[in-house]
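Quick notes on the structure that follows.
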Amino acid sequence: MSAAGRRPVFRWGVRLFKRDWRQQVLVLSLLTFATAAALFCSVVVAAALPTHDGEFGRANGMVRLHVGAPHTDAALATIRQKFGTAEVIGHRDVPIPGAVDTVDFRDQVPGGAFGAPMLRLLSGRYPAASGEIAMTRRAAADFHTALGSTVRFGGGAYRVVGVVENPGKLDDEFAVGTAGDVAAENLIVLVHGNFPHHRGLALEANASYATQIRGASDKQLGAVLVLLLSAILLFLLVLVATASFAVIAHRRQRQLGMLASVGATDAQLRLVMLSNGVAVGVFAAIGGAVVALGLWLGLQPQLEHLVNHRMNVTDFPAWVPLATTALAIAAATAASWWPARSIARVPVVEALSGRPPQPATVHRSVVVALGLLAGGWVAIDAGVNDVKGSANGLLLIPGALAVVVGVLVLSPIAIRTLARAARRAPLPARLALRDLNRYSARSGAALAAIALGLGIASSVVVVTAAAKKHADQGNLSDRQLVFRTQGAVDDDRRTALRSDVEAFARTLGSDARVYQLDLVGNPAVLNPKGGGEGPPAPIDLALEQNAHSFRYVAHVYVATPELLARLGVTPRAGVDVVTSATGKLAIVPTLDRNPHFTFQHYDGPDYSDAPSALITQTGIAKLGPAMVFETDGWFVEAGHHLSAADVRDARTAALDAGLDVEARDTQTGLLAARTIATAVGVLLALALLGMTIGLIRSESGRDDQTLVAAGATSFTRRALSASTSGGLALLGSVLGIGGAYVGLTAVYVDRISDMAHPPIADLSVLLFGLPVMAAAAGWLLSGREPAAIGRHALD
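Each residue of the sequence shown is one higher than the last, beginning at 2 in the working numbering.
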C-alpha cells in the first residue's frame, strides 16, 4: 500500500480514537496506570543504587591502621609518599549506655579532599574547639541529648553544637569531634590513585594494616535491574493493552467489516487499529509520565531512608524516562497489532454479525507453558550464584521472562478450566465464567497482568519471610537476655554485677535463671581492637570454608555444670566442645600447634548469641596452660515471653549497673516491607480488576439488557459482576503465587530451608482475601440497571 493510501486510513484510525475517547477512558486509564508504574519503578531503581560514597567519599581505596601498633607512623608516611594526598580520619568506638551497640567517634575534617561526601551539616555548626561535638540524630537520641545540650560521651563532657549525617549512608551512627578529644584507636586513610588490586601496598613488613578497594560501579548492576524491571513491566503493559484493544476491536468489528465490504484490504484494516494504538499510546505515555514524575517528586524524600542514602531529584539517567515513555508507545502499538491481525482475518459476514470468534483448542499451549516454566527455572538457577552472592543477567533476565510468559500462556487455559468446572454453579456464576471464556482474548491477557502484579508482590513477601529469623533462629529467643560487661572486671566487681543481674532476674518471676558466661582467651593472639595491645582474643567456634578461610559461628564459653544442665547434655569421654552447630567445625584462633578438637553435637535452637558452644576441661587442656579466663556477662532465661516493658526495664537495669544488654532482634523492617508489598499487590490487583471488569461487562452489555428484559433482578446483575471479579482474582492469585514460587525455588535451591516457613498470613490475604474483596467490590458497584434494548445502534 502506498504512502498516499496509508495516510487517509491512518487519519481515520486517529479520528476513530478522537470520536470514541469516552468509550476508551478505561483503556487509557489502564495504559496510563501501567506506564506510570513502569516509569516510577525504573526511576526509583536507577536512583536508589548505592554509590559507595558513604564509605569512600571521592576516594577509590582506603587503608585501615591501628593506632599504637608497630610501624603505624612509618606506614602512614609510606602511604603519603605513594599517593601524594591522603585524608586521615581517626575513629574510636564509644559504647551506648545500656546497649551492646556503639557510636563511632571520629575526628573528620569537614570538606576534606576525599571525605567531603561523607559528612553533611544539618543544623548548628561543626565543632571548632575542644569540648564541642556534632552528632547524628540517632546518636543524639541514644544518648538522650539534643542540639545545645551537654552530653557525657566517651568518658568526657561535650557540648552538642551541630547535627550531622553521612549522606551516602544514612544509618551511619557517629559523632564528630576534634582530634584531641577523639583519642583515635584506629585510622582510616582515604587515597585515590593506582590502588593495587592483587598485591599489597608494600608497607612496613611488620605494620598492622588492612586495605579495601572501592567496588566497581553499580552502573552495570543498575542496568541489569532496570532492564529486568522494565522487561517485566513491559509485559504487564502489553498484557493490559492487549486486553483493552481486544475490546476495541470487537466493539468496532462491524465498522471494520463494513470497510472490508467496500474494498478495504487486510493491511488497511490492521492500520486502522494500529493508528488507534499509536494515539492511545501517546496519550497514555504523556499521562503516565506526569503521574510518575509527580510521585517521584512527592515521595523522593521518604524513599531516601529506605535506600539508606540521599537522592537528588535528577539522580537517574535521562534515558530512563525517555526510554520508558517510548516503550509505552511501542507497547501500545504492538499490543494493538494482534487484535488488528485477528479482526482483519474475520470473514466479512461474520464481522458484520458482531459475534466473537470461537476459542481455539489449548492442548499444545499446556505443553508450551510447562516447558517455559521449566526452562525459566533452569535459567534462573544457573544465573544466580548463591555462594558468591552474584547474578548473571544474561541468564537471569531470560529465565524470569520465561516464567512470566509461561504464566501468560497458562492464563487462558485457567479461565477455560474454571468455566468448565462451573457447569453446576448457580446461573449468574455460570454465565459470568462462560463470558470470561467467550472473551478469552481480553480476559486471558487481563488475568496474566493481574497474575504478574500479584507475582511481584508475592515474591517480595516470600523473600522477606525467608530473610526473617524464625522462632528457633536469630540472635536470641523472646525469653532470653544477655548482660555483657564493658571490659575486664575484677573479682569484687564481678560479684557486684552478678548480684545486680540476679536482682533484675527475680523481677521476671521465680522461674527465671541466670548463667555466668566465661570466655577462654588466647594470649598468643591479642585483641585487634586494642591496636595490638589489649585483652586476649576470645576463642571462637568457626565453620571451615576452605584450607585458609573460616566463617564465625559463635563464642566458645566454658562448659560449667549449670550451662550443661540447661542444655541437658552430658559430655562423652574425650569430647572437647559441645555445640549445636554442624559441619566442618574448627576452633580459632589457637596456638601454633593447632590441636585437633572433638565435637559433640546436640539438637537445639540456632541462636547466634546464646551459649551454644561449650568447651570442656578436656578441650581447655588441649589449648595449653597459657589460656586465660574472663567473664563476658550473664545469660538470663525467663519462663515466659519478655514484653517490651520487660526489655525496657532490662535496659534501665543494665544502664544503672554499667552493663550492656542484648534482647531478641524483632526485625520490624522486614515485617513492614512484607505488609507494604501485600497492600500494594492487593491495590494493584483491585485496580486492574476494576478496569478489566468494566471492559468485559461493557462487552456483554447487550446480554445484560436481554437478562433485564427477561426479568432478571438486581441480585442477578450483581452476582454476574461479583462472579467475574472474584473468579479472575482467584485465578490471578493462584497463578501469581505459583509463578513466584517457581522463580524463587530456583533462587533458593541451595538453601531451600529458608523457605520452610512461608508467610501464611500475607499469602492468605492474596489467595483468599483478595478474591473475597474483589467479589464484594463487584457486587457493590454493579447495581445500576443497563440501558434499554431499544437503544441498540450500529454506529
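Idealized CB from N, CA, C, for every residue including glycine.
Judged by DSSP in its simplified three-state form, Pro760 adopts coil rather than helix or strand. Under a 10 Å Cβ-count criterion, Phe84 is classified as buried, with 16 or more other Cβ atoms of the shown protein chains found around its own Cβ. Shown here for Glu133: same chain residues with a beta carbon closer than 6 Å to its own, the five before and five after excluded, namely Arg160 and Val162 in chain order. For Glu663, the uninterrupted beta strand (DSSP E) run begins and ends at Asp661 to Glu663, by DSSP. Around the beta carbon of Val576, 16 or more other beta carbons sit within 10 angstroms, so the residue counts as buried. An exposed status is given to Pro302, since fewer than 16 other beta-carbon atoms sit within 10 Å of its beta-carbon. DSSP places Leu509 outside both helix and strand once states are collapsed to three, so it counts as coil. As the crow flies, the alpha-carbon of Ala622 is around 14 Å from that of Ile588. If you look at Leu568, you'll find it in the alpha helix (DSSP H) that goes Pro562 to Leu568. Excluding five sequence positions before and after Val681, the CB atoms of its chain that fall closer than 8 Å to its own CB belong to Ala458, given in chain order. Taking C-beta atoms under 8 Å as the contact rule, Val743 and Val461 fail to qualify, at a distance of about 16 Å.
The beta carbons of Ala775 and Ala730 sit closer together than 8 Å. Around the beta-carbon of Pro118, 16 or more other beta-carbon atoms lie within 10 Å, marking it buried. Out of Leu781, Asp541 and Phe769, the CA that lies nearest to the CA of Leu455 is found in Phe769. Leu690 and Ile451 do touch by the CB rule: their CB atoms are close to 6 Å apart, below 8 Å.
Judged by DSSP in its simplified three-state form, Gln474 adopts strand. Cβ neighbours of Gly181 within its own chain (closer than 8 Å, five residues either side excluded): Ser131. Going by C-alpha positions, Ile330 is about 6 Å away from Val283. Distance from the CA atom of Gly625 to the CA atom of Val521, rounded to whole angstroms, is 11 Å.
A straight-line Cα-Cα distance of about 25 Å links Leu40 and Leu767. Non-local beta-carbon contacts of Phe505 in its own chain, meaning distances under 6 Å to residues more than five positions away in sequence, involve Ala654 in chain order. Taking Gly737 as the centre and dropping the five residues before and after it, the same chain places the C-beta of Ala452, Leu455, Gly456 and Ser459 closer than 6 Å to its C-beta, in chain order. Under the 10 Å beta carbon count, Val368 is surrounded by fewer than 16 other beta carbons and is classified as exposed. Here Pro539 is bridged, per DSSP, to Gly522. At the C-beta level, Ala543 and Tyr553 come within 8 Å of one another. For Tyr749, there is no enclosing alpha helix (DSSP H), as DSSP marks it with neither H nor E.
Taking the C-beta atoms as reference points, Thr33 is found nearer than 8 Å to Gly288. For Phe84, the enclosing alpha helix (DSSP H) covers residues Thr73 to Phe84. In the structure shown, His642 adopts coil according to DSSP, grouped into three states. Using a C-beta cut-off of 8 Å, the stretch 421-430 makes no contact with the stretch 373-381, since fewer than three inter-stretch Cβ pairs fall below that distance.
For Glu133, the enclosing beta strand (DSSP E) begins and ends at Glu133 to Met136.
For Ser715, no pairing in a beta bridge is given by DSSP. Cβ neighbours of Ala420 within its own chain (closer than 7 Å, five residues either side excluded): Leu434, Arg435, Leu437 and Asn438. Here Met312 carries a coil assignment [DSSP, helix/strand/coil].
Ile457 sits in a helix when the DSSP states are folded into three classes. Inter-segment contact for the stretch 741-756 and the stretch 714-727 is absent: fewer than three beta-carbon pairs are separated by less than 8 Å.
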